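*Asks:* The numbering of the sequence shown is the numbering used here, which starts it at 328 and goes up by one.
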Amino acid sequence: MTVGPRSGLSPGGLWLDSSAPLPAARHTNTVHPHVKKLLELQKVDQEISSLTKDIDALPAEEAKRRKKLDELERVLNERRARLQKTELDSRALDKAVRGSDDEIKRLNERLNIVRNNAEYQATLFQIEAVRKDRDVTQDECLKLLEACETQKAETATAESAWSEEKKVFDAFLAEADKLRQSRAGGIAAARERRKPMTEGIPEDLLREYDGLYKTREHQAVCPVEKSYCQGCYNKITMNDTAKLLGGSAVVRCGSCQRILYLTR
Ligand SMILES: [Zn+2]
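#1: Does DSSP put K553 in a helix, a strand or coil?
#2: May I have a chain-ordered list of the alpha helix (DSSP H) segments no shorter than 4 residues that lie completely inside the region 520-582?
#3: Under 8 Å Cβ to Cβ from K453, same chain only, skipping five residues before and after it: list those, please.
#4: Counting only the same chain and skipping the five closest in sequence on each side, list residues whose C-beta sits under 8 Å from that of D451.
#5: Grab me the residues of V457's own chain with a C-beta within less than 8 Å of its C-beta, minus the 5 sequence neighbours each way, in chain order.
#6: Could you please give me the residues that DSSP links to I454 through a beta bridge?
#7: Mind checking which residues open and close the alpha helix (DSSP H) that includes I431?
#8: Rounded C-beta distance between Q478 and R406? I'm assuming under 8 Å.
#9: Taking one C-beta from the region 374-381 and one from the region 516-535 each time, how about it: are there three or more such pairs within less than 8 Å?
#10: From E486 to R585, what does the alpha carbon distance come to, in whole angstroms?
#11: Quick test of the definition: if touching needs 3 or more C-beta pairs under 8 Å, does the region 379-398 touch the region 536-544?
#12: Quick one: does the C-beta of G558 sit closer than 7 Å to a heavy atom of ligand 1?
#13: Taking a contact to mean a Cβ-Cβ separation below 8 Å, would you say V358 touches Y588 in this structure?
#14: So does N566 have its beta carbon nearer than 7 Å to some heavy atom of ligand 1?
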């Protein structure tokens, strides 16, 4: 068996192949201690985010539903007010009709005591005028009574629409409360666990992390695989790869600014 300088059995019995990565490279691939801490912090933050996700959406959902309910209430109040006005108007007209009836009765009685024909004719004329007015008023009154019936039905429709929505809204509020209560314990516990985890991380790096966490879909620290940032899938430079292998500097992706680490 021929043993060449770059292949064959090493003294330790390991088969060396020039195309395989140098074992030494794996051992020097240590993640920077601050990045390691940030990665642990990020796991807890992601846990908190998933626990608060639905809860954070609740106020906007509540506002949207409340707006819908308020609109239905506004329509209901408008219809109630309109119906009330129509009822009052119709009552006033009815009173006017009865007033005219009384007046006609009084004028008819006067016919029996008039002293001459001219007075008699004048009274007849007056009766006719009052009767004409009375009939017009009564027609108006009947129209309003008809309108009342339509408006009553419309008000009832608005009332049931509002009360249906109110039931849905109250059920939503109860569900939201239940969700908040069920998550409260888990969220508080995770936040408590997070507190000591920021210790030893420089303040400006922590601020940078917080900003990235918010703006980069809850992934501020992300792995590099086969030289590609797994946050934005852009290739990172040889220089950055070397720095990551060294593990002595915090390296950011040149494209998305995420804080990087090597997975292997
Ligand atoms: Zn990136």
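Positions of the beta carbon are idealized from the N, C-alpha and C atoms, including for glycine. Predicted model only: the values in this text are computed from it and were never measured.
*Replies:* From the atom records:
#1: If you number the sequence shown from 1, residue 553 lands on position 226. Looking at K553 - three-state DSSP - the assignment turns out to be coil, as it is neither helix nor strand.
#2: 530-542, 565-573
#3: The sequence position of residue 453 within the sequence shown is 126, counting from 1. What sits at residue 453 in the sequence shown is Gln, not Lys. The residues are L434.
#4: Taking the first residue of the sequence shown as 1, we reach residue 451 at position 124. The amino acid occupying residue 451 in the given sequence is Leu; Asp does not appear at that position. Once the five neighbours on either side are set aside, the close Cβ partners of L451 are L438.
#5: Against the sequence shown, residue 457 aligns to sequence position 130. Excluding residues within five positions, the ones whose Cβ falls inside 8 Å are S427, E430, I431, L434.
#6: Locating residue 454 in the sequence shown gives position 127, where the first residue counts as 1. None, per the DSSP bridge assignment.
#7: Locating residue 431 in the sequence shown gives position 104, counting from the first residue. Taken as a continuous stretch (DSSP letters only), the alpha helix (DSSP H) holding I431 covers 360-438.
#8: Start at 1 with the first residue of the sequence shown, and residue 478 comes out as number 151. Start at 1 with the first residue of the sequence shown, and residue 406 comes out as number 79. Right, their Cβ atoms sit about 7 Å apart.
#9: yes
#10: If you number the sequence shown from 1, residue 486 lands on position 159. If you number the sequence shown from 1, residue 585 lands on position 258. Rounded to the nearest angstrom, the two C-alpha atoms are 55 Å apart.
#11: no
#12: Residue numbering aside, residue 558 sits at position 231 when the sequence shown is read from its first letter. Yes - ligand 1 has a heavy atom lying nearer than 7 Å to the Cβ of G558.
#13: Within the sequence shown, numbered from 1, the residue matching residue 358 stands at position 31. Within the sequence shown, numbered from 1, the residue matching residue 588 stands at position 261. Yes. Within cutoff.
#14: Position 239 of the sequence shown, counted from the first residue, corresponds to residue 566. Outside the cutoff, so no.
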